[in-house]
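Last residue of the sequence shown: 282 in our numbering, with the numbers rising by one and none dropped.
No residue lacks a Cβ here, since even glycine has one placed at the ideal position from N, Cα and C.
Note that the coordinates shown come from a computational prediction; the quantities given were computed from them, not determined experimentally.
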Amino acid sequence: MILLEIDRQVHLALPDSVFYRAAEACLRVMNISSPCSLSLTLADDSGIRHINKTWRNTDKVTDVLSFPSLPVTPDALFHEQDEKTQQAWDSETGAFFLGDIIINVHQASKQATDYQHALFREMTYLFVHGMFHLLGYDHINKEDKTTMRNQEEKALQMAFETKVSDEELLQAAREARAFAHTPYSHYKVGAALLCTDGTLYTGCNVENASYGLTNCAERTAVFKAISEGNKTFEAVAIAADQTAPWPCGACRQVMTEFAPKMRVLITWGENNVEKTTLDALLPHGFLGFEEDQHG
Ligand SMILES: [Zn+2]
């Protein structure tokens, strides 16, 4: 069991569940069954620089920082007689406090672009890296680095294998709504696209002064995925405030190109949810000029 206290100093269009999933995977890799807690801060360049300067005397921007509360090696951790482990017990939360992780969301976003993968992947990787530091790993010498990297790989695989639930996908869409650029309609929409490899891409609607150039949240998410090489979609969740955000005709056709049978989930207002499939929303979608495509 893991408890996370998350301080979102900057907005991130990913739900808390992304970090819960990754934290649980790390604990499983370590065979830790004791209840644990940690604090996670999502910061920007200046926020992480300030923390780095204050606590590490390093006046630099970085991607991730971690401050373990248990100064022990991984194999001593959670041994019943280990005194240091016992000191980390927090009777208020009923869990062992592992320490603090600070992730720079802006740097993560730059790195995701450089490595050509989703922000979801980069954030998960940075969190897992911080998590293993809290669990006593280090990468000062080459051997330690390899050991830590192996643990990270196992945890990442486990985290990405776990299926994203419908509720998580809906929550990701709700989070993505905050970025919507809607000075004209004020109708904010967020979308979260789930690929078959477990990767999530989020999107929001982007309006334009010309009105006609507006792009919907679903298409923003789809184009993000395609532009990063991911074309196999499983489901899309779409969130709006007041009325049911069924995808418009343009989005239905664009999504049909890649996954005609994908699941479509919408949510609005106080937790109203409806679920269907794309082929129910767009029967006989246009699939190309070939006369007999499936013949
Ligand atoms: Zn649309």
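If I'm right that residue i touches residue j with Cβ under 8 Å, what's the distance once you round it to whole angstroms?
{"i": "T230", "j": "E194", "result": "Not confirmed; about 17 Å, so no contact."}
{"i": "L27", "j": "F54", "result": "With a Cβ gap of about 11 Å, L27 and F54 do not count as contacting."}
Quick check on residue i: does DSSP put it in helix, strand or coil?
{"i": "G282", "result": "The predicted position of G282 is uncertain, since its pLDDT is 42 and thus under 50; a value taken from the coordinates is nonetheless stated next. Here G282 sits in coil by DSSP."}
{"i": "V193", "result": "strand"}
{"i": "W42", "result": "helix"}
{"i": "S137", "result": "Correcting the residue type first, residue 137 is Asn in the shown sequence and not Ser. Helix at N137."}
{"i": "A167", "result": "coil"}
{"i": "E109", "result": "helix"}
{"i": "K71", "result": "helix"}
Using only the alpha-carbon positions, how far apart do residue i and residue j sit?
{"i": "D3", "j": "H37", "result": "24 Å"}
{"i": "D125", "j": "A63", "result": "14 Å"}
{"i": "T189", "j": "I19", "result": "32 Å"}
{"i": "D228", "j": "R161", "result": "9 Å"}
{"i": "T243", "j": "A222", "result": "12 Å"}
{"i": "G123", "j": "F273", "result": "55 Å"}
{"i": "C23", "j": "M118", "result": "11 Å"}
{"i": "T149", "j": "R8", "result": "8 Å"}
{"i": "R136", "j": "P232", "result": "42 Å"}
Exposed or buried, what is residue i when buried is set at 16 or more other beta-carbons lying within 10 Å of its beta-carbon?
{"i": "D46", "result": "exposed"}
{"i": "D34", "result": "The amino acid occupying residue 34 in the given sequence is Gly; Asp does not appear at that position. Per the 10 Å Cβ criterion, buried."}
{"i": "A116", "result": "It is His, not Ala, that sits at residue 116 in the sequence shown. So H116 ends up on the buried side."}
{"i": "H120", "result": "buried"}
{"i": "R43", "result": "exposed"}
{"i": "C235", "result": "exposed"}
{"i": "F65", "result": "buried"}
{"i": "D50", "result": "buried"}
Quick test of the definition: if touching needs 3 or more C-beta pairs under 8 Å, does the segment 239 to 258 touch the segment 205 to 223?
yes
Would you check if there are 3 or more beta carbon pairs closer than 8 Å linking the segment 106 to 114 to the segment 176 to 188?
With a cut-off of 8 Å, the segment 176 to 188 and the segment 106 to 114 count as touching, because enough Cβ pairs lie within range.
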